[in-house]
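Numbering (full-length UniProt numbering), first residue to last: 1 to 259.
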Ligand SMILES: O=P(O)(O)OC[C@H]1O[C@H](O[C@H]2O[C@H](CO)[C@@H](O)[C@H](O)[C@H]2O)[C@H](O)[C@@H](O)[C@@H]1O
């Protein structure tokens with residue numbers, strides 16, 4: 001079973017990657033994915049657990065980096081703010097939504113085709129137990145984690161809807177999302193890097209999913225580095241951490257170096 005269905009990186013490498021040095025965040029701008037990087041993957045989108053320790057870690061890191069921290073997630077900005085709080089930059093919906101730490105927000109118009117997409121996905125979910133539809137402000141996600149055998153049918157529906165609507169098909173971990181095109185985690189990181197306080201500081205991005213490869217490519221192009229969370233695979237990342245637990249432990253140690 002392929003957990004990361006599609007969206008394979010363009011030019012990438014395969015091979016043993018070392019853990020990042022604990023000094024990596026010195027003078028850096030830090031970009032962090034959410035699901036699979038800061039929190040364990042759960043059966044359902046609303047099943048992830050965020051404890052006070054994680055919230056403290058993110059806020060402390062943002063302070064230690066003088067505000068040069070952003071969460072860059074496929075989830076909507078408001079969902080990330082609800083999980084982690086406010087006071088730092090967030091990009092949501094795979095780069096579509098941008099919110100700076102001062103509250104300034106940028107986002108394109110919502111697509112007219114979303115109600116049609118949601119209705120078709122809901123119809124599929126109603127007759128296929130284990131399929132779940134996630135409503136998002138600029139798209140919709142068809143989750144099949146609880147019915148992995150339905151991956152081909154879910155993919156076929158998503159491909160048809162992409163063709164009908166012109167929306168972009170984003171494959172993730174056991175999910176097919178239809179969303180506004182022209183944005184990704186690479187464009188989000190680049191936009192943050194062109195603005196204060198990120199500009200002029202080496203970008204570092206931590207992520208686990210194939211959707212994070214755009215972010216890895218972007219930070220490499222700007223002289224920075226990516227950190228892959230999870231098993232070895234083809235990637236643009238330079239370093240690797242085994243899992244969420246190791247990632248949180250590394251972030252805590254890297255923060256001590258900044259103090
Ligand atoms: O960019 P991310 O922060 O990694 O967000 C990517 C997607 O994460 C969520 O879905 C994934 O995590 C769920 C909870 O662990 C899991 O149940 C699901 O199978 C995964 O695909 C979120 O629901 C999506 O909106 C995000 O795009």
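Glycine is no exception: its CB is placed at the ideal position from the N, C-alpha and C atoms. Please read all numbers here as calculations on a predicted model, not as lab measurements.
- [ ] Could you please give the first and the last residue of the uninterrupted beta strand (DSSP E) stretch that includes residue 143?
- [x] 139 to 143
TODO: Grab me the residues of residue 83's own chain with a C-beta within less than 7 Å of its C-beta, minus the 5 sequence neighbours each way, in chain order.
DONE: 50
TODO: Could you check the C-alpha separation between residue 254 and residue 182 for me, to the nearest Å?
DONE: 34 Å
Task: Those residues which DSSP pairs with residue 179 across a bridge - done: 139 and 168
- [ ] Compute the distance between the beta-carbons of residue 251 and residue 57, then report whether it is under 9 Å.
- [x] yes
Task: Exposure of residue 263, with buried meaning 16 or more beta-carbon neighbours within 10 Å - done: The requested residue 263 is not part of the displayed model; the chain covers only 1 to 259.
Open item on the list: My assumption, with CB atoms under 8 Å, is that residue 173 sits in contact with residue 41. Please give the rounded CB distance.
Closed with: 6 Å
Task: For residue 14, three-class secondary structure by DSSP - done: coil
Open item on the list: Output needed for residue 105: all residues of its chain with C-beta closer than 8 Å, excluding positions within five of it in sequence on either side, in chain order.
Closed with: 77, 97, 98 and 99
Task: Minimum length 4: unbroken alpha helix (DSSP H) runs contained in the stretch 174 to 224 - done: 185 to 193 and 213 to 221
TODO: Compare the beta carbon distance of residue 32 and residue 206 with 9 Å and say whether it is the shorter of the two.
DONE: yes
TODO: Measure how close the beta-carbons of residue 178 and residue 169 come, nearest whole angstrom, since I'm counting them as under 8 Å.
DONE: 6 Å
- [ ] Specify the secondary structure class of residue 34 as computed by DSSP and reduced to three states.
- [x] coil
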